[in-house]
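Working notes, structure below.
There are 2 protein chains.
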Amino acid sequence: MKLFEQDLVIVNMGLPSFGKNLEREGVRVVEMDWHPPASGNHELIDLLDQIMMNNDELPSKIHHANSRAVDRLINAKPVITGIGTAGNVIPEMHERLVLHSGPPVEWNAMCGPMRGAVIGALILEGLANNAEEAADCASRGDVQFAPCHHHQTVGPMAGVVTASMPVWILENSTFGNKAYCTLNEGLGKVLRYGAYSDEVITRLIWMKEVLAPILSEALNLHGPLDVRSIIAQALQMGDEVHNRNRAATSLLIRTLAPLLVRSSADSSNVSDVLAFMDGNDHFFLNISMPACKCALDPCSGIPGSSLINTMSRNGTEFGIRISGLGDQWFTAPAPMVDGLYLPGFTARDAAPDIGDSVITESAGLGGFAMAAAPAIVQFVGGNASQALTFTRQMYDITLAEHPVYKIPGMDFRGTPTGIDLLKIIETGMVPVVNTGIAHRDPGIGMVGAGLVKPPMSCFVKALKGFVKTIQTE
Amino acid sequence: MKLFEQDLVIVNMGLPSFGKNLEREGVRVVEMDWHPPASGNHELIDLLDQIMMNNDELPSKIHHANSRAVDRLINAKPVITGIGTAGNVIPEMHERLVLHSGPPVEWNAMCGPMRGAVIGALILEGLANNAEEAADCASRGDVQFAPCHHHQTVGPMAGVVTASMPVWILENSTFGNKAYCTLNEGLGKVLRYGAYSDEVITRLIWMKEVLAPILSEALNLHGPLDVRSIIAQALQMGDEVHNRNRAATSLLIRTLAPLLVRSSADSSNVSDVLAFMDGNDHFFLNISMPACKCALDPCSGIPGSSLINTMSRNGTEFGIRISGLGDQWFTAPAPMVDGLYLPGFTARDAAPDIGDSVITESAGLGGFAMAAAPAIVQFVGGNASQALTFTRQMYDITLAEHPVYKIPGMDFRGTPTGIDLLKIIETGMVPVVNTGIAHRDPGIGMVGAGLVKPPMSCFVKALKGFVKTIQTE
């Protein structure tokens, strides 16, 4: 009875109303922010129980598989080895193949900006003379479509890659695998946002005829360029290398500038190349993306691992792939983005969430590293303290803290890295993703940027697949 | 009596032991962190009372004078207008004049690194052939000495400027006044840290013969270059533009690179210039310093203003100047720096605090903006949360928050700007300064970097001068 003679402090767990009533009676209450696993969903709790509670072997198998997967991820060392032409360097690329972002999608199901980008690419390749011819060509099956992800490639927004486009060649020097990505065109009216006007095509031609050869020569003079080091530094300089790449782009420019000047190109072209890169703070995005892609690819196909090694969207569907389930996609309709719009545009103009750029979040960067980039809220909305909160939350759904990618404002804590499907289900918390917004119609381009919540249903589908597979393995 | 029947919470102010005793009796106590003004020093309290309590006019005069002074400071718009030769552009500069950092000091009283820098400069100017001749020349009065600050100039560390050196020309476009600073040589064995070996002199010759002319041509192609904008961006990118200038240097390089390529110089020299800037993250320091100098100069000479418009040190003395007291210096012995040392060096190798670079703190940057640059603690010591604390404390001794220089990690709060002598005396809190550390002997160079506390005694001297002047005006 002595207990009740003392001043009691009550810890309340679950429904806050219990605590509130006690507080009204003058009792001191400490509220504990507790939720039942999987938001109390019985079906999901049952699935989790099947693998985590009902035997001893599976939890240990999953634990070891995830350790192996995330170890590969944090030990990746992406380097730029050069620039090539997509048709020459991307595996199984050919003249009538159009790569696109996200999970597989055919012309009929493509969203506006992806159709716009396909139209532009077919005009660029000389397979069509105008939008109408390009749409005909695409709809009657004269070209094939495949996800970038199936060809060791990633592409921002529409992510369209065709044979003549120049691409960055990255290599994960720890494991020897490669990844490819086109060169970034800038913001506004650009192919990846679905624009295909003459201005867009002219820029793409300049990029392959002037920009790529000069950059390629400078890279050859430089030798393999350590991208992990640039990303690590950029995180100390306010970037999260998805929607903020100003520091990383600056570091790339200053590294390459002395070598660009030594190239055989004439100085007016070199000057144009330097001005083009200076004019485009997203230039490094098309390097950070394949850096993450080549870091994540070796994490795929580890039996029993619930690590999410791909998240991606094609503007129609959001899709994920799970390490232990190999190349299988789990998809759900692509969500809308909650964001800030460029002058003259509103949410009504927006296409659904699109692009492979969420590969950065998959690797523990982008939205997961927003605490390193508080200034990004000026681009995607929100305030600086939210940026910190987003990163803090992501530790609850990830497997490791990155040993090289660190956040100065959190006393150099490593970024939350390696998303665990099971932790998402258990906490009910989906990955934080920041992204650009394309116009819903083909031919227009960028209209804004913001934050997007991946649909829980694709994680639920993946869980079902995961539980079934691990029980039958 | 009803009061005492309730649950009481005690607010304890001053000595914590009063509160501790009550807590031991089970009483809830809220401790208030209160200190008597001027740490209870009666002489200082009396001086503060004379101007703040004993009449109505003075407080209002001081208030208005300070508003005017700090308004000038935050409305400054520093731009680079070009590069010139010190002897041609710095007011009253001549071939036998040696400018140095800090308040006035003659050869006999100079510290080791300043003597080393003077020796190097006299060799560079052809006024001596070796260290011995240079020391003779300096000691027998063949050259004159004057503070940079008396010639619209600032110099990091020893701050030595002689006639043939190239200098950045900055203009405060709001008020039309100018400021000058040499070009930054890099870290390690460099003139400003007191080194004067052949390697140092050769680099200085290359800087005037190759670096400066090419930069000058690019600047002419560019037109006036907005330094305020670069500083504002760099604060979003982890710089505080005193001891961390990586972002600002990167932004400068990417801005100038396309124009450097268009200069008439041959490409191998242009490549060397780009590589030199890329190899030196402090390159922008010699721009941020004159940017702050030209922002602060118009704040001088406002009767009744207690704004500190100069802080500076020559390695022998730390000196300050007060707006309302014009060009008068108030000095105290230069303190030692508490810092991190380069391999092979310890605190025993260190010279006292030296350099004009504390002009950045005087303008609300450097140590005052450390919250924007948590990564700087890796260079000067401490941890990331301390960086935040330093900035927070500085709001207590400043007059304004800068409308353009903002700190992302503090939800874009403006940097604490415009140091108020009276607030320093009242709070007993001196400005936070981060700085490099030179070897105490001439000829060696940099040995570390750290944090330094300006000596309270020069602020006390300035207070006495201020009270006397304002009462007799």
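For the record, the sequence lines run as chains A and B.
Quick note, the first sequence lines up with residues 853 to 1325 if you use the numbering used here.
Quick note, the second sequence lines up with residues 853 to 1325 if you use the numbering used here.
Positions of the beta carbon are idealized from the N, C-alpha and C atoms, including for glycine.
Is there a Cβ from chain E that is less than 7 Å from the Cβ of residue i?
i, result
"L1126 of chain A", "Structure shown: chain E not included; protein chains present are A and B."
Kindly indicate the opening and closing residues of the beta strand (DSSP E) around residue i.
i, result
"N1169 of chain B", "The question names Asn, but residue 1169 of chain B in the sequence shown is Glu. First-last of the beta strand (DSSP E) with E1169 of chain B: 1169–1174."
"M1330 of chain A", "Nothing can be reported for residue 1330 of chain A: it is not among the residues displayed for chain A, which extend from 853 to 1325."
"L951 of chain A", "949–952"
"G871 of chain A", "That residue, G871 of chain A, is in no beta strand (DSSP E); its alpha helix (DSSP H) goes 868–876."
"V1019 of chain A", "1018–1024"
Run the CB neighbour count on residue i, radius 10 Å, all protein chains shown included, and call it buried at 16 or more, exposed below.
i, result
"F1182 of chain B", "buried"
"K872 of chain A", "exposed"
"M905 of chain A", "exposed"
"D862 of chain B", "Sequence inspection shows Ile at residue 862 of chain B; the Asp mentioned does not correspond to that position. So I862 of chain B counts as exposed."
"I1249 of chain A", "buried"
"H1094 of chain A", "buried"
"A921 of chain B", "buried"
"H1001 of chain A", "buried"
"L1073 of chain A", "exposed"
"G1219 of chain B", "buried"
"A961 of chain A", "exposed"
"R992 of chain B", "exposed"
"P1142 of chain A", "buried"
"D898 of chain A", "exposed"
"M943 of chain B", "For the sequence presented, residue 943 of chain B should be read as Pro rather than Met. It counts as exposed."
"V1285 of chain A", "buried"
"K1258 of chain A", "buried"
"I1057 of chain B", "exposed"
"E1069 of chain B", "buried"
If I follow the unbroken alpha helix (DSSP H) through residue i, where does it start and stop?
i, result
"F1182 of chain B", "No alpha helix (DSSP H) contains F1182 of chain B, which is instead part of the beta strand (DSSP E) from 1182–1185."
"V1079 of chain B", "1079–1087"
"A1301 of chain A", "Careful: A1301 of chain A lies outside any alpha helix (DSSP H), inside the beta strand (DSSP E) at 1298–1304."
"E1253 of chain B", "Premise fails: E1253 of chain B lies in the beta strand (DSSP E), 1250–1259, not in any alpha helix (DSSP H)."
"W959 of chain A", "Per DSSP, W959 of chain A belongs to no alpha helix (DSSP H) and is neither H nor E."
"S1119 of chain A", "1119–1130"
"M966 of chain A", "964–976"
Mapping DSSP to helix, strand and coil, what is residue i?
i, result
"C1033 of chain B", "strand"
"T1326 of chain B", "No information on residue 1326 of chain B is available, as it lies outside the stretch 853 to 1325 that chain B covers here."
"G1266 of chain A", "strand"
"P1226 of chain B", "helix"
"Y1045 of chain A", "helix"
"R1165 of chain B", "strand"
"N1138 of chain B", "helix"
"A998 of chain B", "strand"
"T1005 of chain A", "strand"
"D1190 of chain B", "strand"
"A1290 of chain A", "strand"
"D923 of chain B", "helix"
"I1154 of chain B", "coil"
"A1215 of chain B", "coil"
Can you name the residues of chain A whose CB is closer than 7 Å to the CB of residue i?
i, result
"D1263 of chain B", "N1235, A1236, S1237"
"T1107 of chain B", "D1130"
"L1303 of chain B", "Under the 7 Å cutoff, chain A gives no residues; its nearest Cβ is about 17 Å from L1303 of chain B."
"L874 of chain B", "Those within 7 Å of L874 of chain B in chain A number zero; the least Cβ separation is about 16 Å."
"A1227 of chain B", "Q1088, P1260"
So which residues on chain B does residue i lean against when the C-beta distance must stay under 8 Å?
i, result
"P1268 of chain A", "Within 8 Å Cβ-Cβ: nothing; P1268 of chain A doesn't reach chain B, min ~17 Å."
"A1290 of chain A", "By Cβ distance, chain B contributes nothing, its closest Cβ being about 26 Å from A1290 of chain A, past 8 Å."
"S1119 of chain A", "V1113, R1114, S1119"
Run through chain A and tell me which residues come within less than 8 Å of residue i, C-beta to C-beta.
i, result
"V1122 of chain B", "V1113"
"P1110 of chain B", "S1123, D1124, L1126, A1127, D1130"
Can you name the residues of chain B whose CB is closer than 7 Å to the CB of residue i?
i, result
"S1068 of chain A", "Those do not exist, as S1068 of chain A stays about 17 Å from chain B at its closest Cβ, beyond 7 Å."
Run down chain B in chain order and give the residues with a C-beta less than 9 Å from the C-beta of residue i.
i, result
"A1099 of chain A", "M1089, G1090, R1098, A1099, S1102"
*Contact list for the region 964–977 of chain B against chain A, Cβ threshold 7 Å*: none
*With 7 Å as the limit, tell me which residues of the region 1070–1095 of chain A have their beta carbon closer than that to any beta carbon of chain B; keep them in chain order.*
Q1088, M1089, G1090
*the region 1185–1213 of chain B: which residues have C-beta closer than 7 Å to a C-beta of chain A, in chain order?*
none
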